[in-house]
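A.B. asks:
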Amino acid sequence: MTSQPPVYLVDDDRAVRDAVALLLSTYGLRVETFAHPLDFLSRQPELEPGCIVLDLRMPAITGLQLQQKLQESGCGWPIVLLTGHGDMQACRRAFKAGAVDFLSKPVDEHVLMEAVNAAFAALARYREQDEQRALLARLTEREREVLVLVAQGYATKEIAAALELSPRTVETHRAHISEKIGSTSVVEFARLAQASLEPGPGGNP
């Protein structure tokens, strides 16, 4: 059985940090805590992908600023924001930037666990898309064009006509695609074709 991803708790308030970490650990989760957002930012590239539970108001940079910096670096890990201050504008900005949830302190344990579980689900989707993009990166531009048309249900002759290629050349491209992605399944082609159209971390395709 695969273990759950880790939870990274970033909060400058030691009492809150210890209490939330203890709560999460009672549910069997792996928790690593950070007292300063810049400490987490410097360590993030070497960490295992996980869920980030992040305080909104911290010294040096805010939770929203850290969220932005992570996105700029290409990190799409899901974030749950915590705050002791009711701030609807910050809430809207957090959701617009892709936060999974925005919770007020003191946080209810069941609400927190629902948010963390939602973050784990989002992380699973992100990692799947990341793997799909890695496969897509192995394809040439022409192979991607053939992939999309195969996924849309077009036959070899139709693809050949659309791309002004010979049917034999299309079949060669299909063989190369299958070899590179390790599958001849049209369903797998469709999944990769969809991934090619979806935005990447931080909104980049």
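Taking full-length UniProt numbering, the leading residue of the sequence shown gets 1, the next gets one more, and so forth. For every residue, glycine included, the Cβ atom is placed at its ideal position computed from N, Cα and C.
1. With C-beta atoms as the reference, is His36 less than 8 angstroms away from Asp12?
2. Can you round the beta-carbon distance between Ala122 and Pro167 to whole angstroms, since I take them to be within the 8 angstroms contact cut?
3. In chain order, which continuous runs of the alpha helix (DSSP H) of length 4 or greater are located wholly inside the UniProt domain "Response regulatory" (6-120)?
4. Taking the straight line between their C-alpha atoms, what separation do you get for Thr47 and Arg133?
5. Enumerate in chain order the residues of its own chain whose CB-to-CB distance from Phe40 is below 7 angstroms, with the five nearest sequence positions on each side excluded.
6. Check whether the stretch 148-155 touches the stretch 62-77, counting contact only when three or more Cβ pairs, one atom from each stretch, lie closer than 8 angstroms.
7. May I ask you to report which of helix, strand or coil DSSP gives Ser183?
8. DSSP three-state call for Gly203: helix, strand or coil?
9. Is it right to say Asp18 is buried, meaning 16 or more other beta carbons lie within 10 angstroms of its own, or is it exposed?
10. Please list the terminal residues of the continuous alpha helix (DSSP H) segment that includes Thr156.
11. Would you decide whether Phe95 is buried or exposed? Buried here means 16 or more other CB atoms lie within 10 Å of its CB.
12. Taking the C-alpha atoms as reference points, what is the distance between Arg117 and Leu23?
13. In chain order, what residues of the same chain lie with their CB nearer than 6 angstroms to the CB of Ala190, ignoring the 5 residues before and after it?
14. To the nearest whole angstrom, what separates the beta carbons of Val100 and Leu82, a pair I think is in contact under 8 angstroms?
15. Roughly how many angstroms lie between the CA atoms of Asp130 and Lys105, to the nearest whole one?
16. Quick one: measure Cβ to Cβ for Leu38 and Ile61, integer angstroms, because I've assumed they're closer than 8 angstroms.
17. My assumption, with CB atoms under 8 angstroms, is that His173 sits in contact with Glu143. Please give the rounded CB distance.
C.D. replies: So, to answer that:
1. Cβ distance < 8 angstroms, so His36 and Asp12 count as in contact.
2. Incorrect: roughly 42 angstroms between the Cβ atoms, too far for contact.
3. Counting only runs of 4 or more, we get 14-26, 37-43, 63-72 and 88-96.
4. Residue identity check: residue 47 is Leu in the sequence provided, not Thr. For Leu47 and Arg133, the distance between alpha carbons rounds to 20 angstroms.
5. Within the same chain, Tyr8, Val10 and Phe34 come within 7 angstroms of Phe40 by CB-CB distance, once the 5 residues on both sides are set aside.
6. The stretch 148-155, when compared against the stretch 62-77, does not touch it at the 8 angstroms Cβ threshold.
7. Residue state, collapsed to three classes: coil.
8. Residue placement at Gly203 cannot be trusted, given a pLDDT of 41 that sits under 50; the coordinates are not used to answer.
9. The residue in question, Asp18, is exposed, as its Cβ has fewer than 16 Cβ neighbours within 10 Å.
10. Residues Thr156 to Leu163.
11. Answer is exposed; the Cβ neighbour count stays below 16.
12. The sequence shown places Asn at residue 117, rather than the Arg named in the question. Cα atoms of Asn117 and Leu23: separation of roughly 14 angstroms, rounded to the nearest angstrom.
13. So the list reads Ala151, once near-sequence residues are dropped.
14. No, Val100 and Leu82 are not in contact; Cβ-Cβ is about 12 angstroms, not under 8 angstroms.
15. Roughly 33 angstroms separates the two Cα atoms.
16. Correct: roughly 7 angstroms between the Cβ atoms.
17. Contact holds; Cβ gap of about 5 angstroms.
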